[in-house]
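Sequential numbering from 58 applies to the sequence shown in this note's numbering.
Here's the structure, in structure tokens; my notes come after.
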Amino acid sequence: MTQGRFTGVGLGLRRPHLEQVAGLEGHGVPFWETCPENVVGDGGRFNRLAWSILDRDPVLTHGLAMSVGGFDTWDQEYLRGLEQFLIRTGTPWHSEHLCFTTVDDNCLHELLPIPFTREAVRHTIARAKDLQARLPVPLLLENITYYAELGVPEMAEADFITEVIEGADVGWLLDVNNVYVNSVNFGFDPKEWLSRMPLDRVKQFHIAGHKRFGNLTVDTHGADVIEPVIELMQWTLARLGRHVPVLLERDNHIPDLNLLLAERSRLQLAYDAVLLPSEVRHV
């Protein structure tokens, strides 16, 4: 499966749906995204079901726990398993979050922001380059949501992300919902923010739902995608002018598969409205 064949709106492969998806033919999902941590080193029935799908369908991979911005040494055993996993699935790239997730080898189970400082830029670039050298496919880094700054920032988030991605010479997994959530919480224009960014490095999108808690908007991945986020996706796709795969994330309040497939279809229509000629869209 080559990079250029990944297009349209895919779904995250989640355990509640494994049995249905494994037996589903003609589901219309152009690709699945899976977290290697949920498969590498695992076994049993769910592992067999997962591999029956991963060996059959196009796959993108997305990591949760590499802690690119952290200080802990890499888990060498996991890296060996990850390398084999990436080769077997045939994924064109592997993505991780631009954040830290571990301290003193303890997984915090959160995607925590890196301080927006020059020192953190240099550290994260070195870590990303080192990780890229250990992977058999290109590395993408994803922008995250954050709800408080760590210390006094020396630069804006946009500049921090740009310097890390360009300094490490890696791709960008652009999460448009994360941009939208941060724009609501910190009071900036998401389109102006994106206009400053290196969109030429975008290889993939994430899109998801969020929830408002009082004055705070939280990236919950537990609700349908709202129209302003879909419109932001369309606006960015139009600026790119090329087909970039979009992944619909749903990790909480996971609905029945038929409902998730319906939302995927809704997003696919929005995607096609930007990138397909009008005569094709109306066939």
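Where a beta carbon is used, it is the ideal one built from N, C-alpha and C, also for glycine.
From a predicted model like this one, the values you see are computed outputs, not experimental measurements.
Contact between PHE262 and LEU198 does not hold, since their C-beta atoms are separated by about 14 Å, which reaches or exceeds 8 Å.
Of all alpha-carbon atoms in LEU81, ALA183, PRO115 and THR146, the one lying nearest the alpha-carbon of VAL97 is that of THR146. In summary, CYS156 is buried, with 16 or more beta-carbon neighbours lying within 10 Å of its beta-carbon over all protein chains present. Counting along the chain, PHE142 sits inside the alpha helix (DSSP H) bounded by residues 133-146. A contact between stretches requires three or more CB pairs, one per stretch, nearer than 8 Å, and the stretch 182-194 meets this requirement with the stretch 223-236. 8 Å or more divides the Cβ of VAL259 from the Cβ of PHE217. Taking all protein chains shown into account, ARG307 has 16 or more neighbouring C-beta atoms within 10 Å of its C-beta and is therefore buried.
Distance from the CA of MET123 to the CA of PHE142, rounded to the nearest whole angstrom, comes to 15 Å.
Within the DSSP bridge table, the entry for GLY228 names LEU197 as partners. The three-state secondary structure of VAL331, taken from DSSP, is helix. Residue environment analysis places ILE283 among the exposed positions, since fewer than 16 neighbouring C-beta atoms fall within 10 angstroms of its C-beta. Annotation for ALA265: ASN234, HIS278 and GLU306 place their beta carbon closer than 6 Å to its own, counting only its chain and skipping 5 residues before and after. In this structure, the beta-carbon distance from VAL238 to ASN200 does not fall below 8 Å. The beta strand (DSSP E) runs of length 3 or more contained entirely in the stretch 66-102 are, from start to end of the chain, 66-69 and 89-91.
Within the stretch 203-249, the alpha helix (DSSP H) runs of at least 4 residues that lie entirely inside it are, in chain order, 214-225 and 233-243.
The C-beta of ALA215 has 16 or more other C-beta atoms within 10 Å across all chains shown, which makes the residue buried.
The beta-carbon distance between PHE88 and PHE63, rounded to whole angstroms, is 6 Å. This is short enough to meet the 8 Å contact definition. About 7 Å separates the Cβ atoms of VAL86 and ARG321, confirming a contact at the 8 Å cut-off.
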